[in-house]
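Beneath this line is the structure, given in structure tokens, with notes to follow.
Residue numbers (my numbering): 211 to 397.
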């Protein structure tokens, strides 16, 4: 029976005894035991070396990146601290500016309303002046027309025949001059 167990153990790759045995990798199955000259050993060694080299190079490249991220985080912290210090006063100034702008808008609205009222009153005054000037023009025309009619209706006093022709000529010229001056007054 021991022989059967031993043959079966050898077949399966197990050793039944504890301690140093005839096999250097005692306790491991035969398919897991690899020798130094085995190609699987070289493949596993190459993969392990390549993985550790890749990890080392990644860490070497990541160190400057992490330092840059640290500097950026410190800068962001300083910026956040400055913002916390300055933000309340800035917001108060913005709020005050907004209130001043709204007050200014209301004042401008009132001022524009007053200007519009002034323009309307000025237009009414200009219209009243125009109406008054038109009435004065009509009155002046009526007065001038009535004066011209009165002068035309006046009877000329006949001059004596004793006066010389020169004096009658002067009178005619004076009368013509008066007629011309009255004609100028007509529109």
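Ideal placement from N, C-alpha and C gives every residue a C-beta, glycine not left out. From a predicted model like this one, the values you see are computed outputs, not experimental measurements.
Determine the DSSP secondary structure at residue 294, reduced to helix, strand or coil.
Of the three classes helix, strand and coil, the one that applies to residue 294 here is helix, per DSSP.
Using a Cβ-Cβ cutoff of less than 8 Å, which residues in the same chain neighbour residue 249 once the five nearest sequence positions on both sides are dropped?
Closer than 8 Å at Cβ, skipping near neighbours: no residue.
Neighbourhood of residue 294 by C-beta, 8 Å cutoff - its chain only, sequence neighbours within 5 removed:
Excluding positions up to five away in sequence, the list is empty.
Assigned secondary structure, residue 248 (DSSP; H/G/I helix, E/B strand, else coil):
Coil.
Expressed to the nearest angstrom, what Euclidean distance is found between the alpha-carbon atoms of residue 336 and residue 306?
Their backbone Cα atoms lie some 44 Å apart in a straight line.
If you drop the 5 nearest sequence neighbours on each side, which residues of the same chain put their C-beta closer than 8 Å to that of residue 298?
Take residue 298, set aside five residues on each side of it, and no residue of its chain has a beta-carbon closer than 8 Å to its own.
From residue 361 to residue 342, what does the alpha carbon distance come to, in whole angstroms?
Whole-angstrom Cα-Cα distance: 28 Å.
Rounding to the nearest angstrom, what Cα-Cα distance links residue 283 and residue 292 in this structure?
A direct Cα-Cα distance of roughly 14 Å separates residue 283 from residue 292.
Give the straight-line distance between the Cα atoms of residue 309 and residue 338, rounded to the nearest whole angstrom.
So the alpha carbons of these two residues sit roughly 44 Å apart.
Give every residue of the same chain whose Cβ lies closer than 7 Å to the Cβ of residue 288, excluding the five residues on either side of it in the sequence, and list them in chain order.
Non-local C-beta neighbours of residue 288 in its own chain, meaning closer than 7 Å and more than five positions away in sequence, are absent.
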